[in-house]
Amino acid sequence: MSDGPTVDAARTVPERGPSDYAGAIYGSLLAASVVAGTGPGQEPPQPGQLIALLLATGVVFWLSHVYAHLVGERSTGALLSLREFRTAARRDWPIVQAAVPPAAAVGIGVFLGLSDAGAAWLALGVAVGSQLGWALYVAAKAGATSSRMVAAGVINLVLGLVIVALKAALTH
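Residues in the sequence shown are numbered from 1 upward in steps of one, following full-length UniProt numbering.
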């Protein structure tokens, strides 16, 4: 018998450790998809619109993930605690964070004098590069062999390039 309070494991939201970067990879793919989905067959969005769209989409998907985790992991009708909400929100926050580098790339593109389309392409490149970088970082941190690192890189690069190919096909 323990001296401390007991916790009903079915009621708690499991907290992932700091080595779980799934949200960053997912968020980078999401950001790339947002850029790829903007302006097919027409003018690209203005930089301010694209930045807002990237950040707003990251926040909406983050909230959706938090909600889905909290509802999906509840086995009883017990009330949700603030601690459970905070844990789930913190766990999925990398989805929002992954939208920041592509959004910043749009602003940098404007600063460098790129066209709206050029700034969008820069954001797409940053999103795909971030996704690839996170995947390789996670594989390295997990102690992956060289061949597994290459496999992780190829798989994530192919996913990113599919998004780029769709962007190219839809805009021409």
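We put the beta carbon where it would ideally sit given N, CA and C, even for glycine.
It should be emphasised that the depicted structure is a prediction, and the values quoted were computed from it without experimental measurement.
(message) So, for G153: in the same chain, excluding its five sequence neighbours on each side, which residues have a beta-carbon less than 6 Å away from its beta-carbon?
(response) Here residue 153 corresponds to residue number 153 of the sequence shown, with the count starting at 1. So the list reads L136, once near-sequence residues are dropped.
(request) Check whether the Cβ atoms of G24 and P102 sit closer than 7 Å, and answer yes or no. (result) Walking along the sequence shown from the start, residue 24 turns up at place 24. Walking along the sequence shown from the start, residue 102 turns up at place 102. Here residue 24 is Ala; the residue named in the question, Gly, does not match the sequence. P102 sits away from A24, with the two beta carbons spaced by 7 Å or more.
(message) Is the beta carbon of A32 closer than 7 Å to that of A127?
(response) Translated into positions along the sequence shown, residue 127 becomes position 127. Translated into positions along the sequence shown, residue 32 becomes position 32. Going by beta carbons, A127 and A32 fall inside the 7 Å limit.
(message) The alpha helix (DSSP H) that contains T57, what's its start and end?
(response) Taking the first residue of the sequence shown as position 1, residue 57 is located at position 57. Judged by DSSP secondary structure, T57 falls within the alpha helix (DSSP H) whose first and last residues are 47-72.
(message) Could you tell me the alpha carbon to alpha carbon distance between L112 and W62, rounded to whole angstroms?
(response) Counting from 1 along the sequence shown, the entry for residue 112 is found at position 112. Counting from 1 along the sequence shown, the entry for residue 62 is found at position 62. L112 and W62 have their C-alpha atoms some 31 Å from each other.
(request) Pull up the distance between the alpha-carbon of D92 and that of T57, whole angstroms please. (result) Here residue 92 refers to the residue found at position 92 when the sequence shown is read from its first residue. Here residue 57 refers to the residue found at position 57 when the sequence shown is read from its first residue. Those two C-alpha atoms are separated by around 14 Å.
(message) Could you tell me the alpha carbon to alpha carbon distance between G37 and K167, rounded to whole angstroms?
(response) The sequence position of residue 37 within the sequence shown is 37, counting from 1. The sequence position of residue 167 within the sequence shown is 167, counting from 1. Computed Cα separation, rounded: 7 Å.
(message) Mapping the DSSP letters down to three states, classify residue 243 as helix, strand or coil.
(response) This structure does not reach residue 243, given that the chain is present from 1 up to 172, and the question cannot be answered.
(request) Report the rounded CA-to-CA distance for V34 versus E43, giving the unit in angstroms. (result) One-based indexing of the sequence shown puts residue 34 at position 34. One-based indexing of the sequence shown puts residue 43 at position 43. One C-alpha to the other measures close to 15 Å.
(request) Take the Cβ of V110 as the centre, count every other Cβ of all protein chains shown within 10 Å, and call the residue buried at 16 or more, exposed below. (result) Here residue 110 refers to the residue found at position 110 when the sequence shown is read from its first residue. So V110 ends up on the buried side.
(message) Going by C-alpha to C-alpha distance, which of R90, W134, S64, A105 sits closest to Y21?
(response) Taking the sequence shown and counting its residues from 1, one reaches residue 21 at position 21. Y21 has its Cα closest to that of W134, out of R90, W134, S64, A105.
(message) Please list the terminal residues of the continuous alpha helix (DSSP H) segment that includes Y26.
(response) Counting from one through the sequence shown, the residue named residue 26 turns up at place 26. Per DSSP, Y26 belongs to the alpha helix (DSSP H) from 22-37.
(request) Give the DSSP-derived three-state secondary structure of G143 in the structure shown. (result) Here residue 143 refers to the residue found at position 143 of the sequence shown. DSSP, read as helix, strand or coil, puts G143 in coil.
(request) For the alpha helix (DSSP H) holding L82, just list the boundary residues, first then last. (result) Against the sequence shown, residue 82 aligns to sequence position 82. L82 -> alpha helix (DSSP H) spans 82-92.
(request) Confirm, please, whether the CB-CB distance from A142 to S28 is below 7 Å. (result) Here the question's residue 28 lines up with position 28 in the sequence shown. Here the question's residue 142 lines up with position 142 in the sequence shown. Taking 7 Å as the Cβ cut-off, S28 and A142 do not qualify as a contacting pair.
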